[in-house]
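Notes follow the structure.
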Amino acid sequence: MSSNFPLSHERLEDLARQFPTPFYIYDEAAIRENMAQFSEAFKIFPKFTEHFAVKACPNPYILKILADCGCGADCSSLPELMLCEVSGITGEKIIFTSNETPAAEFVFAFEHGAIINLDDITHIDFLRDSLGGKFPELICFRYNPGPLKEGNAIIGKPEEAKYGLTREQIFEAYKKARDYGAKRFGLHTMVASNELNPEYFVDTAKILFELAIELKKNLGIKIEFLDLGGGIGIPYRPEQKKVPLDCVAKKIRALYDEMIVPAGLDGLEIKWECGRPITGPYGWLVTRTIHEKNIYRNYIGVDASMADLMRPGMYGAYHEVTVSGKEAAEKNRVYDIVGSLCENCDKFAVQRELPKIDIGDLLVIHDAGAHGRAMGFNYNGKLRCGEILLRPDGSFKEIRRRETVEDYFATLDLDGVKNFK
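Count the sequence shown with this note's numbering and you get residues 1398 to 1818, in order.
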């Protein structure tokens, strides 16, 4: 578990009376402090920007907090671009890293001054045609190193991933973009997700450094920034350790001094597009026990479901679960914690040792502040839960209301169906 839940049992019960479960709650003060530590680690570079991955927690209140901390944003869709505008993240503070992108989304990104990061060599002409013959002055390409770099369990092997350009395509792509009028260039890769090995990120930086040097040598192109992607994991399991960002930054800086400075590329900006390590440990899903079932296993049924947090069901991912008010109690029971979805994978915990759970107990599912509410869905007609922000002064702000039945039916023509034959 990456962090301690910030509310006492009494305060959580009070909150649950005001905002019925299930709901997400985020700790603003902890997110701010965490972002400050992230920035502190990488300030040893001439230039550094963290572009928060909007997909991890697409709420404008969270984005506004991060913008206030100096963050930019990494977007992958039109709505995410629009969320950034609302949150005060604009222009080159935004990197638009999408794939299989509709023309209208490229147009919006270009017109609003975002950095466009192309995912395929064919997208160069597609982008130019979408812009009516225009082309961005600043362009970036996503590099897929293929077998040169190992992936991990979530994102898979790079050579099997749909993302990015091959090494051979990269050189052709930059030359073509320059011919179309690009004058400024960035280079990006993203080859892992939720990785805890610090050496992985150092190796990734080395691969990009080598490529940037070759681009300058072979094409005369001077890369302005390197985006190391995201992929920094968090310790979901109690025995796991947090990635030592200071150590990662210092090792990458040593490579920078060894490789980038002698190559005449000093001043190169380092960018990240992390989401999980920024907000992940400081968001929790709160749910209440409503049923207990004892058959071949002992099941605790809660009022949340996989529709609220799909990571355990989709990936078999581990999230720590605590019983509010029973944190110090002996873990002398073994339960599966389950939701009401008509899918057997709708489980938050499997054969987990926990204290005795009673009907009405509040359960706290930890490390849910990234890729939690963002991945919610409406299968089985489930209504997605709301989000609450714990402010630094101890007050609460509802930053997304829970969905209603009216929301679920809003896109349907219910009057028309009555006359449909």
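Ideal Cβ positions, reconstructed from N, Cα and C, are used throughout, including at glycine.
When the beta-carbon positions are compared, Asp1471 and Ala1450 come within less than 7 Å of each other. Beta-bridge partners assigned by DSSP to Cys1537: Asn1514 and Gly1583. Secondary structure of Asp1424 (DSSP, three-state): strand. Pairwise C-beta distances place the stretch 1785 to 1798 out of contact with the stretch 1703 to 1716, as fewer than three of them are shorter than 8 Å.
Secondary structure note for Asp1733: its beta strand (DSSP E) is the uninterrupted segment Arg1730 to Val1735. If the five residues before and after Gln1748 are omitted, its C-beta is found closer than 7 Å to the C-beta atoms of Val1731 and Asp1733, all from its own chain and listed in chain order. Ile1657 carries a helical assignment under DSSP once its states are collapsed to helix, strand and coil.
DSSP places Cys1472 within a strand segment (E or B) once states are collapsed to three. The C-alpha of Arg1525 lies about 6 Å from the C-alpha of Lys1531. In the structure shown, Asn1615 falls within a helical segment according to DSSP collapsed to helix, strand and coil. In this chain, Ile1631 is not harboured by any alpha helix (DSSP H), its DSSP state being neither H nor E. Judged by DSSP secondary structure, His1406 falls within the alpha helix (DSSP H) whose first and last residues are His1406 to Gln1415. A residue is called buried once 16 or more other Cβ atoms fall within 10 Å of its Cβ, and Pro1678 is buried on that count. Here Pro1499 is exposed. Its C-beta has fewer than 16 other C-beta atoms within 10 Å. His1768 and Gly1813 have their C-alpha atoms roughly 36 Å apart. In the same chain as Gly1488, and ignoring 5 residues on each side of it, the C-beta atoms closer than 6 Å to its own belong to Gly1510, in chain order. Taken in chain order, the complete beta strand (DSSP E) segments of 3 residues or longer contained in the stretch 1634 to 1719 are 1666 to 1669, 1680 to 1691 and 1695 to 1699. The C-beta of Ser1405 has fewer than 16 other C-beta atoms within 10 Å across all chains shown, which makes the residue exposed.
Excluding residues up to 5 positions away in sequence, Tyr1696 lie with their Cβ nearer than 6 Å to the Cβ of Lys1690 in the same chain. Excluding its 5 nearest sequence neighbours in each direction, Leu1662 has C-beta neighbours in its own chain below 8 Å: Ala1609, Ile1610, Lys1613, Lys1619 and Ile1620, listed in chain order. Ala1574 is not a Cβ neighbour of Ile1631, given a cutoff of 7 Å.
Where Val1814 is concerned, there is no enclosing beta strand (DSSP E), although the alpha helix (DSSP H) around it starts and stops at Leu1811 to Lys1815.
Between Phe1420 and Ile1667, the beta carbon gap of about 37 Å keeps them out of contact (Cβ cut-off 8 Å).
When the five nearest sequence neighbours on each side are left out, the beta carbons in the same chain lying within less than 7 Å of the beta carbon of Ser1702 are those of Gly1736, Ser1737, Leu1738, Asp1743 and Lys1779, in order along the chain. Residue range Phe1793 to Arg1797 is occupied by the beta strand (DSSP E) that includes Arg1797.
If the five residues before and after Ala1426 are omitted, its C-beta is found closer than 6 Å to the C-beta atoms of Pro1789, all from its own chain and listed in chain order.
Close CB contacts of Lys1728 within its chain, under the 7 Å cut and outside five residues either way in sequence, are with Glu1750, Leu1751 and Pro1752 (chain order). Residue environment for Pro1443: exposed (fewer than 16 other C-beta atoms within 10 angstroms of its C-beta). Minimum Cα-Cα distance from Val1699 among the listed residues Asp1705, Thr1686 and Ile1756 corresponds to Thr1686.
Of the candidates Ile1785, Asn1816 and Leu1642, Ile1785 places its Cα closest to the Cα of Asn1456.
Within 10 angstroms of the beta-carbon of Arg1414 lie fewer than 16 other beta-carbons, which makes it exposed. Going by C-alpha positions, Ser1473 is about 40 Å away from Asn1816. Gly1469 places its beta carbon less than 7 Å from that of Lys1490. Spanning the alpha carbons of Arg1770 and Leu1460 requires a straight line of approximately 15 Å. Taking the Cα positions, Glu1803 is about 18 Å away from Ala1704. Cβ atoms of Gly1561 and Asp1624 stay farther apart than 8 Å, at about 12 Å.
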